[in-house]
Amino acid sequence: MKKILKIIGIVLLVIVLLFIIAPFLFKGSIEKMVHKEINKNLNATVAWEDLSLNLFGGFPDAQLNLKNLSIINNAPFKGDTLVISEKIALNLGIWQLFSIGKKPLQINEFSVQNALVNIKIDSAGNANYDIFKESSPSEIPADSTNGGLVFDLQHYKISNSKINYLDEKTQTFLRVKELNHEGTGDFSVENSTLKTTSKALVSLQIEETEYLSEIPLELVADLKMDFENQKYSFLENELLVNQLPLTFEGFVKVKETNNEVDLSFKTPSSNFKNFLAVIPQEYSKNIENVETSGDFIVNGSIQGIVDEQHIPKLDISVKSENAAFKYPNLPKKVKNISIDAQLLNETGLAKDTYLTIDLLTFQIDEDTFTAHGTLKNLMENMLVNMTATGTMNLANLEKAYPLELEQDLNGILKADLTAQFDMLSLEKEYYQNIKTNGTASITNFTYNSPEIPNQVNISKANLNFNTSTIELKTLEANSGRTDAKISGNLVNLVGFLFADQDLKGNFNLNSNTFDINDFMVAQTENTSDEKSNSETPPTKTGEEAIKIPSFLDVTLNFNADQVFYDNLVLKNMKGKLILKDETATLQNVTSSIFNGGIALNGNVSTKTKIPTFQMALDLSNIDISESFAGLELLQNIAPIAKALQGSLNTDIKLSGNLNNNLTPILQSITGDALASILTAEVDPEKMPLLSKLNQKLDFLNLDLLNVHDLQTVLSFKDGKVAIQPFDFKVKGIDVKVSGTHSFDNSMNYNVVLDLPAKYLGSKLGGLLTKLSDEDIEKMDVEVPIGLSGTFTDPQIQLNMEQAVKTLTQQIIANQKENIKGQATDKIKDIIGGIKNPKDSISAPKDSPSHPTKIKNVAEEILGGLFGNKKKDTTGTKKP
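The sequence shown begins at 24 in this note's numbering and counts up by one.
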């Protein structure tokens, strides 16, 4: 007995050791065989990160695991990813491992986790999933001695996967997310039953229209599989679309040249709750607690051939009569609901698919709304013919249905409309083919939003629908202290609503008072390190940049008696605002402001990542102190004007970048300005720079300074303002100014005074007394002044000592010239008095013409010039 137990123990040990080392023994052979099979079967590049063999995970089967498998297409979809999967597990009998290379490995179970499948059919009809080679080794029978893989499935499972299907020719895009599908059946026999369960979120888009958006689907279905005839029939099943239950009957048959479909479906009950179940769950909420009456029935059939030219014939009807529902926590009831709609295709050609809505009506309180019409040619150029009439108190909608809107609905809507159009005319903007007739109005509508500080009240708005144009006859609204009356035309409201086109229109706005602040909220504080005058916009701190809507193509002519903006008041404001291509353009805007006038042209664009602007301002005869107190831009351009009291004209042209809140980035501004000061007085106490100059130049007395007809040209670049050299006079003093300052108020200016000598008399001692009045008036000196620092903390470089020294040298030089002139005049007089030498000799000794007298005078003059007059030792002059 001990020997038997010992033998059994050894056998078990060998088996365990075999199970442990088998994955290492067979891994290389299996991986080589899988590579070989793929190369023979598939025209694609297949790779995986790791292949492993597990003998315990699926015991009594062995489990072959492929980690991070990818299948990449070859031409004509070269480089496209067909499949990528985090894990694929294949189960096969353990004992098959000992016959690798001799017999095919039979796969009886597989599972896929976290896979993505991208199916694509291009405009030429090529499919990216067509990767199998013509002679497929997978067809080798199980008793073949050539090895390989065959699938005799009993069970399969797909977990948390995605499928994308794109048909470029029909512009159909199907997306399946969160797919979990499982099937159990025997694929090794010709006829068997496959039991399946499926869950997924499905989205469907055809061209630009999204018909389904992540609609939850659940299907529990038994399928009869006839592999010999490629026919798959529905047995017991139930499909949930959202929460709408449907049951199926029929089959799908795969043929060589086409597929045959014969399916019918219906709702298993007629309860009106089925209608609420169609609505996405996030909107329909807990329909199990909703009180309902009446019926809701869906019946449909899909029959016919599916190939490149045909679709199945369709007959799907939806009906409901005298139904009602009421949510338990809401006060209002929706009643008298009737629906009669049918989707038909009787030819099997896609273009002949159409939807008929014979009746759609409902009532809340005493308000009734009714619609009917047809949608034809659904798959090609859809033809729309719809009529809607009724009255609705909008406030009752959320009292009857759980909308959970951010904005409370209110106001009375009345409509009587008919619309006829085709989608091609919308796309091509053939508005003459679009026919709309009727009227619509809304009264006592209010709107609240966190994006605006005040409630918007629309007392009335009336629309007339005439052919392709919708006329806004009148819209009267107010918000805060703003009032507005708007009228105009919408050119393509239907195109905007149905064809994703720009909203086009022309409007006129008249207002007694328009306060911009009524529509602006305080900006979230920016905690980034970037400043507003940096070269790039500040980093976002949870606040999105203001964007001009791209879908607007609107012109607004406005006229307002007074417009309030921040601390500014603009009167009699007129002009034109054009919103197009994410750009707001102002044209011929005029207004009275700062006791003068303003004309404005320019634009703001948010089309690029960094918003930009261009602006031309013409300010005429405006009050200097008011304008510089109200406009921050002028404060940055000319800070010194803060000390001026008077009026000016200026033309300013600017361009640059904007921050997210559409304020200028000062470092980016470029442009120029021409400023003309008509008349101004100076108050040095309002500007530290002038006050400090007043102290240093005590002879100027800037308190009494008047400026008239002063012109200068400025330019802006790289955050600096450059002033072209200009000059003016102050109390007879010529002043020349040039230099730059930056928008952070640092400055670098040069000022040169042509200073008359009379202003430096006290610094020259008695030197000026040696000059004649005429010479004093002619004599001046340049006094250079350097200005640096900031306008609030100026640094003044002034060297008056040098100016005094220069002027002293000028006076001395002037005196020497005068003395030389005097000497020359005296000599000329003497020489002129000598008519004849003989007359001089014979002249009396006291006569000026006597030779002795002439000698004495000459000695006196020369001695005075050269400073060498001699004196005798007794202190008496020599004769």
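The C-beta atom is built at its ideal place from N, Cα and C for all residues, glycine as well. None of the values given here were measured: they were computed from a predicted structure.
Exercise for the section: Note down the Cα distance separating residue 682 from residue 609, rounded to an integer number of angstroms. Expected result: Residue numbering aside, residue 682 sits at position 659 when the sequence shown is read from its first letter. Residue numbering aside, residue 609 sits at position 586 when the sequence shown is read from its first letter. C-alpha separation (whole angstroms): 19 Å.
Problem - Given residue 594 as reference, the closest of 600, 603 and 583 once Cα atoms are compared - result: Your numbering for residue 594 matches position 571 in the sequence shown. Comparing Cα-Cα distances from residue 594 to each of 600, 603 and 583, the minimum goes to 583.
Exercise for the section: Compute the beta-carbon to beta-carbon distance between residue 627 and residue 607, rounded to the nearest angstrom, for a pair I have assumed lies under 8 Å. Expected result: The residue you call residue 627 lines up with position 604 of the sequence shown. The residue you call residue 607 lines up with position 584 of the sequence shown. Distance from residue 627 to residue 607 at the Cβ level is roughly 5 Å; contact confirmed, criterion being Cβ atoms closer than 8 Å.
Exercise for the section: State buried or exposed for residue 208, treating a residue as buried only when at least 16 other CB atoms are found within 10 Å of its CB. Expected result: Locating residue 208 in the sequence shown gives position 185, counting from the first residue. Under this definition residue 208 is a buried residue.
Exercise for the section: Classify residue 823 as helix, strand or coil using the three-state DSSP reduction. Expected result: Against the sequence shown, residue 823 aligns to sequence position 800. Of the three classes helix, strand and coil, the one that applies to residue 823 here is helix, per DSSP.
Practice task
Assign residue 141 to buried or exposed, taking buried as 16 or more other Cβ atoms, counted over all protein chains shown, within 10 Å of its Cβ.
Solution key: On the sequence shown, position 118 is the one that residue 141 refers to. With 16 or more other Cβ atoms within 10 Å, it is buried.
Problem - Whether residue 433 touches residue 418 by CB criterion (7 Å) - result: Here residue 433 is taken as the residue at index 410 of the sequence shown, counted from 1. Here residue 418 is taken as the residue at index 395 of the sequence shown, counted from 1. In this structure, residue 418 lies closer than 7 Å to residue 433 by Cβ.
Exercise for the section: Could I get the ranges of all uninterrupted beta strand (DSSP E) runs contained in the stretch 555-642, with 3 residues as the minimum, in chain order? Expected result: 575-588, 591-603, 606-616 and 619-628
Practice task
Run the CB neighbour count on residue 735, radius 10 Å, all protein chains shown included, and call it buried at 16 or more, exposed below.
Solution key: For the purposes of this step, residue 735 is identified with residue 712 of the sequence shown, where counting begins at 1. Label assigned to residue 735: buried.
Problem - First and last residue of the uninterrupted alpha helix (DSSP H) at residue 658 - result: By one-based count along the sequence shown, residue 658 stands at place 635. Here the alpha helix (DSSP H) through residue 658 covers 655-660.
Problem - Close Cβ partners of residue 402 (< 7 Å) along its chain, the five nearest in sequence each way excluded - result: Position 379 of the sequence shown, counting from 1, holds the residue named residue 402. Taken in chain order, the residues that qualify are 373, 374 and 376.
Exercise for the section: Indicate whether residue 505 and residue 537 have their beta-carbon atoms separated by less than 7 Å. Expected result: To locate residue 505, count along the sequence shown from 1; it is residue 482. To locate residue 537, count along the sequence shown from 1; it is residue 514. The answer is yes: Cβ separation under 7 Å.
Exercise for the section: Let me know if residue 21 comes out buried or exposed under the rule of 16 or more other beta-carbons within 10 Å of its beta-carbon. Expected result: A question about residue 21 goes unanswered here, because the residues of the chain that appear run from 24 up to 902.
Handout entry: Distance, residue 662 Cα to residue 637 Cα
Key = Locating residue 637 in the sequence shown gives position 614, where the first residue counts as 1. Locating residue 662 in the sequence shown gives position 639, where the first residue counts as 1. Whole-angstrom Cα-Cα distance: 23 Å.
Handout entry: Contact under 7 Å by Cβ, residue 182 with residue 129
Key = For the purposes of this step, residue 182 is taken as the residue at position 159 of the sequence shown. For the purposes of this step, residue 129 is taken as the residue at position 106 of the sequence shown. Not closer than 7 Å, so no.
Practice task
Look at residue 619 and residue 660 and say whether their C-beta atoms are less than 7 Å apart.
Solution key: Along the sequence shown, read from residue 1 onward, the residue named residue 619 stands at position 596. Along the sequence shown, read from residue 1 onward, the residue named residue 660 stands at position 637. No, these two residues do not count as a Cβ contact at 7 Å.
Exercise for the section: Ignore the nearest five residues each way along the sequence and tell me which others in residue 217's own chain have a CB closer than 6 Å to its CB. Expected result: The residue given as residue 217 occupies position 194 in the sequence shown. Taken in chain order, the residues that qualify are 206, 208, 246 and 248.
Handout entry: residue 929: first and last residue of the uninterrupted alpha helix (DSSP H) it sits in
Key = Given that the chain is displayed from residue 24 to residue 902, the structure contains no residue 929 and the question cannot be resolved.
Exercise for the section: Please report how far the alpha carbon of residue 406 lies from the alpha carbon of residue 449, in whole angstroms. Expected result: Translated into the one-based positions of the sequence shown, residue 406 becomes position 383. Translated into the one-based positions of the sequence shown, residue 449 becomes position 426. So the alpha carbons of these two residues sit roughly 11 Å apart.
Exercise for the section: Following the continuous beta strand (DSSP E) through residue 409, name the residue where it begins and the one where it ends. Expected result: Stepping through the sequence shown from its first residue, residue 409 is reached at position 386. That run of the beta strand (DSSP E) goes 406-416.
Handout entry: Reference residue 91, options 499, 70 and 802, closest by Cα
Key = Looking up residue 91 in the sequence shown gives position 68. For the residues 499, 70 and 802, the minimum Cα distance to residue 91 belongs to 70.
Problem - Beta-carbon proximity check, residue 66 vs residue 156, cutoff 7 Å - result: The sequence position of residue 66 within the sequence shown is 43, counting from 1. The sequence position of residue 156 within the sequence shown is 133, counting from 1. Yes, they are a contact pair.
Exercise for the section: Note down, in chain order, each residue of its chain lying with its Cβ closer than 6 Å to the Cβ of residue 738, except the 5 sequence neighbours on either side. Expected result: Taking the first residue of the sequence shown as position 1, residue 738 is located at position 715. Around residue 738: 695 and 745.
Problem - Residue range of the unbroken beta strand (DSSP E) whose run includes residue 448 - result: On the sequence shown, residue 448 is found 425 positions in, with the first residue counted as 1. It is not in any beta strand (DSSP E) - residue 448 instead sits in the alpha helix (DSSP H) that spans 446-451.
Practice task
Locate the alpha helix (DSSP H) running through residue 421, then write down its first and last residues.
Solution key: Position 398 of the sequence shown, counted from the first residue, corresponds to residue 421. Where residue 421 is concerned, the enclosing alpha helix (DSSP H) stretches over 420-423.
Practice task
Closer than 7 Å by C-beta to residue 236: which residues in its own chain qualify, once you throw out the five before and the five after it? Chain order, please.
Solution key: As a first step, residue 236 must be located in the sequence shown, where it is residue number 213. Around residue 236: 226.
Exercise for the section: State buried or exposed for residue 277, treating a residue as buried only when at least 16 other CB atoms are found within 10 Å of its CB. Expected result: The residue given as residue 277 occupies position 254 in the sequence shown. Burial call: exposed.
Practice task
Below 6 Å CB to CB, which residues in the same chain sit around residue 384 once its five sequence neighbours on both sides are set aside?
Solution key: Numbered from its first residue, the sequence shown carries residue 384 at position 361. The beta carbon of residue 384 is closer than 6 Å to those of 361 and 393 in its chain, skipping five residues each way along the sequence.
Practice task
Return the first residue and the last residue of the beta strand (DSSP E) that residue 204 is part of.
Solution key: Residue numbering aside, residue 204 sits at position 181 when the sequence shown is read from its first letter. 195-207 is the span of the beta strand (DSSP E), which, as asked, contains residue 204.
Exercise for the section: Select from 604, 605, 603 and 599 the residue whose C-alpha is nearest the C-alpha of residue 613. Expected result: In the sequence shown, counting from the first residue as 1, residue 613 sits at position 590. Here the closest residue by C-alpha is 599.
Handout entry: residue 811, buried or exposed, once every other Cβ within 10 Å from all chains shown has been counted against 16
Key = The sequence position of residue 811 within the sequence shown is 788, counting from 1. When all chains shown are included, residue 811 counts as exposed.
Handout entry: Closest Cα partner of residue 242 within the set 261, 478, 252 and 439
Key = For the purposes of this step, residue 242 is taken as residue 219 along the sequence shown, with counting starting at 1. If we check each option's Cα against that of residue 242, 261 comes out closest.
Handout entry: Cβ-based neighbour list, residue 539, same chain, cut-off 8 Å, excluding 5 preceding and 5 following
Key = Position 516 of the sequence shown, counting from 1, holds the residue named residue 539. Cβ within range, chain order: 586, 587, 588 and 589.
Exercise for the section: Pick out whichever of 624, 653, 669 and 629 has its Cα sitting closest to the Cα of residue 675. Expected result: Start at 1 with the first residue of the sequence shown, and residue 675 comes out as number 652. If we check each option's Cα against that of residue 675, 624 comes out closest.
Practice task
Sort 470, 280 and 240 by Cα distance to residue 331 and report the nearest one.
Solution key: What you label residue 331 is simply residue 308 of the sequence shown in a count that begins at 1. Nearest C-alpha to residue 331: 280.
Problem - C-alpha distance - residue 352 paired with residue 315, whole-angstrom precision - result: Residue 352 sits at position 329 when you count from the first residue of the sequence shown. Residue 315 sits at position 292 when you count from the first residue of the sequence shown. Going by the C-alpha atoms only, they are around 14 Å apart.
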